[in-house]
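Protein sequence lines correspond, in order, to chains A and B.
The letter at position 30 of the first sequence is residue 30 when you use the working numbering, and the numbering goes up by one with no holes.
The letter at position 73 of the second sequence is residue 73 when you use the working numbering, and the numbering goes up by one with no holes.
We put the beta carbon where it would ideally sit given N, CA and C, even for glycine.
For clarity, every value in this text was computed on a predicted model and none was experimentally measured.
Heads up: the structure comes next, in structure tokens.
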Amino acid sequence: MNSFEIEIAGQVIHVESIHTRPKAICRDFIVTDKKPDIEISITERDIDYDRKEYETICDNNDPWEGFLEVSTLCRLLTDRLIEFDTILLHGVAVAVGHEAFIFSAPSGIGKTTHALKWLKTIPDANIVNGDKPFLRFLSNGTVLVCGSPWAGKESIYTNAMIPLKSIVFMERAEDNHIEQISFTEAFPFLLQQVYHPDDKKKMRTTLGLLQRLNQTVSFWHFKCNNYKDNCFDVAYNALMRDKK
Amino acid sequence: MKLKYEFEIVDMGEEKVAVPVGKGAENLQGVLKLNKQGFEVFSQIQEGKTTNEIISSICEKYDDDIQTITSYVEGFISKLIKIEIIE
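Put into structure tokens, the structure is as follows:
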């Protein structure tokens, strides 16, 4: 059994894992001498739950156990963080100065490719998380985008918490076009990309938190062709003009 | 008449959205957008009322004729059966 503490989305989590891989993956989030807010002890049964999911998706009967346990830790942690008004949204979170933008879409649409254009073009831009940023809802209405080690195949992340300004839902298209959408229009996209806990009470909390996004965050629908030269300009110019 | 899933109603202002929650909810793709009338019927289905009970309840509440209300309620329920939300 491996024991360690990590701090993610402002909460200290005591983790007991079976394999060493989770601790290695979480290396940039490890803390010491802090009182844990959450205790997670991963069991073989927990891993079995994710093994079933993994086999369904990948048709692979022999997934690497340590890798699988990393996914299990993410799931268990995401479930627990809901108690602390924190949810997981699938997407790439890019920070520009003191503001963060999330590019969200199903896998394979080009979120990372687009985000890397921001990094290439804007000197103070960085990726807070390349796949699974946490959103922490503060009582004053601010929503913080929080880094985590679960950051997709490129594994790009920053251990930081940055106020969220906008969520951009991407779709592949021939030409680049972006427009602001209402919360009502954004809601089905949000539901597709947010983590759905099995527990009904936690799902209700998740829905309540999603509604709070409407107070401070703007939503955009981005028809995107990353191969065209104006791709970055179209998105950047619109998002920077946004005053919400 | 029973819903296959539990739903949480999210208020979007002019319309409401019913989101499936709990285990098995992932089998249902998408959400149900409900206008005022749809919400009225859906809420009563959630309470476990029969088609006739729903029609009676809405007739008591609104001035529309019974044929219009019956047609609306039965049409709404048919749609839910078609998308396999009602057992």
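Please confirm whether residue i has its beta-carbon closer than 8 angstroms to some beta-carbon of chain B.
| i | result |
| --- | --- |
| Leu-135/A | no |
| Asp-198/A | yes |
| Leu-191/A | yes |
| Phe-187/A | yes |
| Arg-75/A | no |
| Thr-184/A | yes |
| Arg-204/A | yes |
| Gln-215/A | no |
| Gln-180/A | no |
| Leu-207/A | yes |
| Gln-211/A | yes |
Just to confirm, is the Cβ distance from residue i to residue j under 8 angstroms?
| i | j | result |
| --- | --- | --- |
| Pro-36/A | His-14/A | yes |
| Ala-235/A | Val-168/A | yes |
| Leu-68/A | Arg-51/A | yes |
| Pro-149/A | Asp-46/A | no |
| Lys-23/B | Asp-85/A | no |
| Leu-119/A | Asn-126/A | yes |
| Val-96/A | Ala-115/A | no |
| Thr-43/A | Glu-5/A | no |
| Leu-77/A | Ile-40/A | yes |
| Thr-158/A | Gly-141/A | no |
| Leu-207/A | Glu-15/B | no |
| Pro-163/A | Ala-100/A | yes |
| Leu-73/A | Val-31/B | no |
| Glu-6/B | Lys-200/A | yes |
| Ile-69/B | Ile-58/B | yes |
| Ile-156/A | Pro-133/A | no |
Alpha carbons only, please: which of the options is nearest the one belonging to residue i?
| i | options | result |
| --- | --- | --- |
| Ala-173/A | Ile-102/A, Pro-133/A, Val-143/A and Tyr-227/A | Tyr-227/A |
| Gly-152/A | Pro-188/A, Ala-235/A, Thr-78/A and Gly-91/A | Gly-91/A |
| Leu-135/A | Asn-129/A, Val-143/A and Val-128/A | Val-143/A |
| Cys-224/A | Val-94/A, Ala-160/A, Leu-119/A and Met-170/A | Met-170/A |
| Gln-29/B | Ala-18/B, Phe-39/B and Lys-36/B | Ala-18/B |
| Ile-8/A | Leu-209/A, Lys-34/A and Met-1/A | Lys-34/A |
| Phe-232/A | Lys-117/A, Phe-103/A and Ala-100/A | Lys-117/A |
| Lys-23/A | Ser-71/A, Gly-10/A, Leu-207/A and Asn-2/A | Asn-2/A |
| Leu-138/A | Leu-213/A, Asp-242/A and Asn-237/A | Leu-213/A |
| Gly-108/A | Asp-124/A, Thr-121/A, Asp-131/A and Ile-122/A | Asp-131/A |
| Gln-46/B | Asp-11/B, Pro-20/B and Gly-13/B | Pro-20/B |
| Thr-112/A | Gly-10/A, Glu-154/A and Pro-133/A | Glu-154/A |
| Arg-21/A | Tyr-49/A, Ser-71/A and Glu-53/A | Ser-71/A |
| Lys-4/B | Gly-13/B, Met-12/B, Ala-25/B and Val-10/B | Ala-25/B |
| Asn-237/A | Gln-193/A, Ile-102/A and Glu-179/A | Glu-179/A |
| Arg-204/A | Met-1/B, Lys-2/B and Val-10/B | Val-10/B |
| Ile-25/A | Tyr-49/A, Gly-66/A and Gln-11/A | Gly-66/A |
| Pro-188/A | Arg-241/A, His-221/A, Glu-16/A and Pro-123/A | His-221/A |
| Asp-175/A | Asp-229/A, Ile-82/A, Val-12/A and Arg-241/A | Asp-229/A |
With 8 angstroms set as the bound, which would you pick, yes or no: does the beta-carbon of residue i sit closer than that to a beta-carbon of chain A?
| i | result |
| --- | --- |
| Ala-25/B | yes |
| Gly-30/B | yes |
| Gly-38/B | no |
| Gly-22/B | yes |
| Glu-97/B | The question about residue 97/B has no answer, for chain B in this structure spans 1 to 87. |
| Val-41/B | no |
| Val-73/B | no |
| Met-12/B | yes |
Going by the DSSP bridge assignment, what does residue i pair with across the sheet?
| i | result |
| --- | --- |
| Ile-178/A | Phe-222/A |
| Lys-243/A | BP columns for Lys-243/A are empty, so no partner. |
| Leu-207/A | None; Leu-207/A has no bridge partner. |
| Ile-30/A | Ile-6/A |
| Leu-88/A | Phe-134/A |
| Phe-7/B | Pro-20/B |
| Pro-163/A | Leu-144/A |
| Glu-16/A | Ser-3/A and Ser-41/A |
| Tyr-157/A | Asn-129/A |
| Val-168/A | Phe-103/A and Trp-220/A |
| Lys-93/A | One point to set straight first is that residue 93/A is Ala, not Lys, in the sequence displayed. Bridge partners of Ala-93/A: Ile-102/A and Asn-129/A. |
| Gln-11/A | Ile-8/A |
| Leu-34/B | Lys-16/B |
| Ile-86/B | Leu-3/B |
Report whether the distance from the Cβ of residue i to the nearest heavy atom of the ligand MG is below 7 angstroms.
| i | result |
| --- | --- |
| Gln-37/B | With respect to the ligand MG, the structure offers nothing, as it holds no ligand at all. |
*Taking contact to mean at least 3 C-beta pairs separated by less than 8 angstroms, is the segment 70-85 of chain B in contact with the segment 41-55 of chain B?*
yes
- Would you check if the segment 183-200 of chain A and the segment 210-219 of chain A touch, i.e. whether three or more CB-CB distances between them fall below 8 angstroms? yes
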